[in-house]
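Everything on this sheet refers to the single structure shown next.
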Amino acid sequence: MNGLSFDIAHMLAGMLVLVSFMMLYQVRLYSLLHALALHAFVLSTSVAWQAYSQNAPHLYVTAAIALCFKAIIIPWALRGMVYRLGLHREVETVVGVGMTMLAGMALVALSLEVMLPATSQADPVTREDIALALSVVLIGLLMMVTRRNAVSQVVGFMSLENGIILAAAGAQGMPLVVELSVAFSVLIAFIVIGIVLFRIREHFDTVDDDALDRVRQHPGMFGAEIADERWRRPGKIEAAIASDRRRKPGLVGSGGPHE
Amino acid sequence: MIGDFAPADLAIQGGQMTLVLGLSPLLTGLVRKVKARLQRRRGPPLLQPYRDLRRLLSKDAVLAENASWLFRAAPYLIFAVTWVAAALVPTFATGLLFSWSGDLIAITALLGSARFIQALAAMDIGTSFGGLGASREVMIASLAEPAMLMIAFTVALIVGSTQLSTIAAMLSTGDSGLRVSLALALVALVIVSVAENARIPVDNPATHLELTMVHEAMVLEYSARHLAMIEWAAYLKLLLYISLIGCMFFPFGIVDGPASPERYLGAVGLYIAKLASAGVLLAVFETSIAKMRVFRVPNFLGAALMLGLLGVLLLFVSQGM
Amino acid sequence: MILVVLSAILGLLGLALTGAVFAHNAAGRIAVYGGSLLVCTALLAAGIAALGAEPSRLVLPVGLPWIGAHVRLDSLSGCFLAVIGLGGAGASLYGIGQGRHEHDPQRVLPFYPAFLAGMAMVVIADDAFSFLFAWELMSFASWALVMAHHRAKGTAWAGFVYIVMATFSGLALLLCFGLLAGPAGGYSFDAMRAAPPAAGTEALVFALALLGAGAKAGLVPVHVWLPLAHPAAPSHVSALMSGVMTKVALYGFLRIVFELCGPPVWWFGLVVLVLGGITAVLGVLHALMEKDLKRLLAYSTVENIGIVFLGFGLALAFRANGFAVGAALALTAALFHAVNHAAFKSLLFLGAGAVLTATGERDMDRLGGLIHRMPRTAFLMLVGCIAISALPPLNGFVSEWLTFQAILLRAELPQWGLKLAIPAVGALLALAAALAAACFVRAFGIAFLGRPRSRQAADASEVDGWSFAAMAGFATLCLLGGVLPGVVIDALAPVSQALVGAHMPAQLSVPWLTTVPVEASRSSYNGLLLFGFIALSSLIAVTATHRFASRALRRGPAWDCGFPDASPATQYTATSFSQPLRRVFGTLVLRARETVEMPPPGSVAPARIHRSISDPIWDFLYAPVGRAVAFTAGLLNYLQFLTIRRYLGFVFAALVLLLASLAIWQ
């Protein structure tokens, strides 16, 4: 109907929304990082296509940044961090996966309802791309809000930022796109480094009661330390162990013995 | 259009019905062979399902003492309904003689009837396996069927019709272009096909452990010719879903309107090639992924439902998507 | 034509008197039910005759002196009169047979014909007073019937909730008609048709009609009485209440919103559509969690009413946007579904009544194996379960298929609310259809298949001929509706022409009796051919197998993976069957929770599993209202215990207040 380039641009934007939904669906951290790499890859393809169809060669730089930095380096660094610091490998969600996906659907509907009438005077290629990009942003925010794990919140933030880059690339003739992407990448790099430093500090420094709270959340990380003499404050440790058992009741609980 | 027919049309419809019936065991044989090869086994021969059917048909049927007439009639009904549904899907030619008597929604509902009867037959004997299989099957169906209907809606909104012949004809001309909602519908249909045909990761077709059974638990009490009918119906269902994916998303080569016999033969050949490649892809997919826990399956199918709904939503909201 | 209907109604009232006098006599019972059967057949004939004919009207000199009672029989009335006649005839035929098992016939026989008379009066009423009088008569007669088994547990509570909701619906309709009549006070429907209300009033009228009619029909959130009241009544009365009275409520909604209200606004359609979708899903989810067979059927009624309202909402939305063809399709689909539901729900309730009489049990966990003891009933119930699960080639599928076609019409609706709501509601409808199939696999499988779970189920006996005839009649209608839907669609054409100004294309002239909702290139369905194909394929399969394969058959014990268990308690129960669905859907929607109490190791106390489900609408809407009413009543209770001086003080204060307000208003 509108030509192949229209369709390909749409297809790539739609693929980005699809990969965002895939990220909402993931429960394991490694799969989430693979999905993030795929997300950045689709983004770089989309930006490269926009560079080709708009004849804007500076967008190729953005595509290259997205590919190298966000599709390869950041996921690899996050993966290394998860492995070395022994972080929890399952992503805990606030509500179930089904509800999160339903909320994602509602956000897509919302972004379409907001953006399409608002841009009714604009070029049809751009307005639908921007509507889909807004949905990617909103789904990224949803991911940040409904996950309890710091790494998955970083992933959510990165996908949000990918949505913004998609919108910026889709709007024809938007200036400073390359500068924007470099700035965002530096921001992400600082956030990731910041998290690494923070976790390292927690891992080796002794802190007081707060650390016992973190014992309950990440037993794998501090399991060895409980036997340490400095931590032997009887009431607190029994409380920590008892609350740990309450969290993982085993056979009893709503899961039942059925799987 | 409705009701006019020529003898050639009758021959094509009859040809399609025999073709799907005859090819379906071969397709399952191919999938099993490729899976075995990927697992570094030699695997059963390609024609083994035919031999299995012949063996089953020649055996004595053993029925439980309290089996009712429903248990005895169910396999024939399931087979008949699945065969009628498979006969309505264009495989190598559109404009099948009676394709106007049932559209995509009717085909989905016919498969739902087959599942209804199968679940009832499972509960007839009164063992816990039957109830187990039936309850899991209806749980899977309660999400897979709406997802299938959403996929049907997506395609129908793009093409303007729910008739599969019209869908195949219009999508093969390429006028609708590459659409986001079609891509979403394809992903959703693959997920639904895996679930409906009791394939890994939803169900293991080769299992003997009740923890992993869904379809197998429902047919546990069947033997001999009854089991042969049910197995054949399962082969037909796999063929049906692959033909659906082929006619909706890869409709190139389907003959539209009257043509020469060479064209028809070429179309049959192309269809067999599509089936073979789909079988190989299915085998690779099944080998590369593990079976999911029963209560992860609703998430999986819920994702398919969401994708279908997203496709429909995009089409309601904008013409271009 | 209208005289026939009026004499039929008089006949029913006469039968009610006969029932009051001769209740304990077997002849009296046969007279009442036999008479109702004849009268209902006359109503059916009159209704069908009225479908294509000109409206006939009459003014009777009864009722209020300056208004009289206007009655009118047009296509819409005729359609619903036919449904009343059909349901009533079936229930009466059943009553002739099963009525002898009734312990308190004097509580049932007088009110049964009065109930039918009330319903018939509602559909022919042409002014507000007759309508409301008939509506209240219908409510009162059905309440008396619900309270017939007044000693059974739960009946008193069911009756109480029912009478509260019935009063609520009557009040809402009273206010609605008051607003429609306007300050001029034109209470006849002709006056209301001539003077459609202004925009703000129209919205209020719509809301009141939706709530009032919806309360009788079973729309969420005013459906709470339905699963309590319908099971408590005797079975043929439950069939009438679910199958027919809900349709009379739908008639009320159609009459007010589609005709008396004037041209609709688009958001009317949106509200009805969304409420219909939510009702459908909530109804079927509750049905899946129920073990009581009749309560399951009552919740399933809620689901089907939701589907009908969904169709009405689509029709309103299309009509408000000027798309009359789409509105006709949606309206016809909804009306067809209403007619289908009357047929298969009556069948299912009559079957449940047969099971109840044969075994004395309504709890599915104490049934089982009835297909061997009651084979004919089981076969007819199977037909009913297949029909209600919307499976081809029976009638439930055709109406759902038409509704899906209406959703797919995609008339480029300009309003965003509709653009987003229609796909969402389509998904809800698909989900409800799939869950309904699951629900009826469960209902039939647990109650009729398997091994008997109790002594009573093992000793059940088959029903008598009259009841069987009634059920067989409904089952035949289900089949006919599925293979010859064109007959019904063409019969409904005058109704949709009158309400939305267009009708579906003529179906009986399409070759091979195919159903074509819009045009042949778009979609078509042929139930007759599909039925024929399925029959032919089964025949081929059976003959080929019996010719070329071994025909040997022997019986043996069940395989059960090599561990057969003699106790029928190892079978799945109704609750265990729905456990996966309860986990998937119930946890979120119905707050389904399961807790297991495990005793510590070494203790011999049993482990216990507790399952709880809560109805969110009851908890968030009705319970607070109930508490507020109780609180206010408690406060007002203080008025009971005042001294004489305080009472005199009240009288004095009231007098002073009235005189002061008189002074100010001057």
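Protein sequences, first through last, are from chains D, Y and C. So the first sequence is numbered by the working numbering: it starts at 24 and just counts up by one. So the second sequence is numbered by the working numbering: it starts at 24 and just counts up by one. So the third sequence is numbered by the working numbering: it starts at 40 and just counts up by one. Even for Gly, the Cβ is constructed at its ideal location relative to N, Cα and C.
Euclidean distance between Cα positions of S438 (chain C) and V161 (chain Y):
22 Å
Among D:A190, D:R150, D:F207, D:V105, the one whose alpha carbon lies nearest that of S341 (chain Y):
D:R150
Unbroken alpha helix (DSSP H) runs of length 4 or more, entirely within the region 226-307 of chain C: which are they?
228-233, 238-256, 265-271, 274-279, 285-292
At 9 Å on the CB atoms, spell out the chain D contacts of N322 (chain Y), in chain order.
Y48, V50, G119, V120, G121, M124
For the region 355-386 of chain C, list the beta strand (DSSP E) runs that are entirely contained and at least 3 residues long, ordered along the chain.
none
Give me the Cα-Cα distance between T554 (chain C) and H62 (chain D), rounded to the nearest whole angstrom.
47 Å
For G103 (chain D), the first and last residue of its enclosing alpha helix (DSSP H):
97-107
By a C-beta neighbour count over all protein chains shown, 10 Å radius and 16 as the cutoff for buried, is I683 (chain C) buried or exposed?
exposed
Determine, using beta-carbon pairs with one atom in the region 483-501 of chain C and one in the region 140-157 of chain Y, whether at least three such pairs fall under 8 Å.
yes
Report the start-end ranges of each beta strand (DSSP E) in the region 585-653 of chain C that is 3 residues or longer and not cut off at the edges.
592-595, 632-636, 647-651
Are there any heavy atoms of the ligand FMN lying less than 7 Å away from the beta-carbon of P321 (chain Y), as far as the coordinates show?
As far as ligands go, the structure on display features none, and thus does not contain the ligand FMN.
So with CB distances below 9 Å, who are the chain C contacts of E115 (chain D)?
Within 9 Å Cβ-Cβ: nothing; E115 (chain D) doesn't reach chain C, min ~17 Å.
Boundaries of the alpha helix (DSSP H) in which S136 (chain Y) is found, first to last residue:
127-147
Could you name the residues of the region 187-219 of chain D whose beta carbon sits closer than 9 Å to any beta carbon of chain A, in the order they occur along the chain?
Given the protein chain composition of this structure (D, Y and C), no chain A is represented.
So, helix, strand or coil for I31 (chain D), using DSSP?
helix
For V340 (chain Y), return the contacting residues in chain C, with the cut-off set at a CB-CB distance below 8 Å.
K458, L459
Using CA coordinates, which residue listed in C:A574, C:L694, C:R594 is at the minimum distance from V107 (chain Y)?
C:A574
Do you know offhand how far Q49 (chain D)'s Cα is from L55 (chain D)'s?
6 Å
Tell me whether I312 (chain Y) is buried or exposed, calling it buried when 16 or more other Cβ atoms sit within 10 Å of its Cβ.
exposed
Environment of Q705 (chain C) [buried if 16+ CB atoms lie within 10 Å]:
exposed
The region 352-365 of chain C touching the region 299-313 of chain C, judged by at least three CB pairs closer than 8 Å:
yes
Own chain, CB closer than 6 Å to I181 (chain Y), minus 5 neighbours either side, in chain order:
S199
If the criterion is Cβ atoms closer than 8 Å, does the pair Q137 (chain C) and S385 (chain C) meet it?
no
For A211 (chain Y), tell me which candidate among Y:L86, Y:A90, Y:K58, Y:A326 has the shortest Cα-Cα distance.
Y:A326
Between R316 (chain Y) and chain C, is any beta-carbon pair separated by less than 8 Å?
no
Residue burial classification, A6 (chain Y) (beta-carbon count within 10 angstroms, cutoff 16):
This structure gives no information on residue 6 (chain Y), because the portion of chain Y shown stretches from 24 to 344.
Any chain C beta carbon closer than 8 Å to R319 (chain Y):
no
Simplified DSSP assignment, three categories, for E113 (chain D)
strand
If you reduce the DSSP assignment to three classes, tell me which class H249 (chain Y) lands in.
helix
For the beta strand (DSSP E) containing L660 (chain C), list its first residue and its last residue.
Segment: none, L660 (chain C) is in no beta strand (DSSP E) and carries neither H nor E.
Against chain D, with Cβ distances strictly below 8 Å, would W455 (chain C) count as a contact?
yes
Quick check: V480 (chain C) and F318 (chain Y), are their CB atoms within less than 8 Å of each other?
no
Does DSSP put I703 (chain C) in a helix, a strand or coil?
helix
What does a CB cutoff of less than 8 Å around K458 (chain C) pick up in its chain, not counting 5 residues either side in sequence?
L452
Among residues of its own chain, excluding the 5 on either side of L694 (chain C), which ones have a beta-carbon nearer than 8 Å to its beta-carbon?
none
Identify whether T554 (chain C) lies in helix, strand or coil by the three-state DSSP scheme.
strand
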